[in-house]
Amino acid sequence: MTKILMVCLGNICRSPLAEGILKSKLSNDFIIDSAGTANYHSGSSPDKRSVAVARKYGLDISNLRGRQFDVSDFDTFDVIYVMDKSNFQNVLKLARHDKDIAKVKMILNEVHPNKNYEVPDPYYGGDNGFENVYQMLDEACKSIAKQLI
């Protein structure tokens, strides 16, 4: 069973969207979760704007709860997708060895290999930012799902 973790800063905007999108594209034979590199929103629901854009596309992420990335996630998950370079560096700081490091990937590299493009944090922007993030993540998750099934 393949286990995938999506990681952003607070685990209320980008990573819950990525979790919900990828879950919708894969069977229950896969475990998909999300986390944040910071603990600002541990236990919180996703941002209402993430919930709204997900709902617009038939996905319900309202039951997800924020949690902070932990070093034990390296043991639990096969792949750890991060949303931006800051998330990438913060996750790598917790890596214990090369095997941990090898699990961490920039999610948009699935669509634009080796470009290290970032999924922008829409938190301080308007609703349109959430729509743009959804579209980016949907494209990346389509690519991930195609590789896995």
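Residue numbers (our numbering): 3 to 151. C-beta: ideal position from N, C-alpha, C; glycine also.
Going straight from the alpha carbon of residue i to that of residue j, what length do you get?
| i | j | result |
| --- | --- | --- |
| Arg98 | Leu24 | 27 Å |
| Ser46 | Ile14 | 7 Å |
| Leu28 | Tyr126 | 31 Å |
| Asn89 | Asp31 | 27 Å |
| Lys101 | Val9 | 18 Å |
Would DSSP call residue i helix, strand or coil?
| i | result |
| --- | --- |
| Met108 | strand |
| Leu11 | coil |
| Asp62 | coil |
| Gly45 | coil |
| Gly38 | strand |
Leaving aside the five residues before and after residue i along the sequence, list all residues of the same chain whose C-beta is less than 6 Å from its C-beta, in chain order.
| i | result |
| --- | --- |
| Ile6 | Ile34, Val81 |
| Asn65 | none |
Short of 8 Å in beta carbon distance, which residues of its chain neighbour residue i, apart from the five on each side in sequence? Order them along the chain.
| i | result |
| --- | --- |
| Met3 | Asp31, Phe32, Ile33 |
Would you list the residues sitting across from residue i in a DSSP beta bridge?
| i | result |
| --- | --- |
| Tyr83 | Met8, Lys107 |
Looking at residue j and residue i, is the spacing between their C-beta atoms short of 8 Å?
| i | j | result |
| --- | --- | --- |
| Glu133 | Met85 | no |
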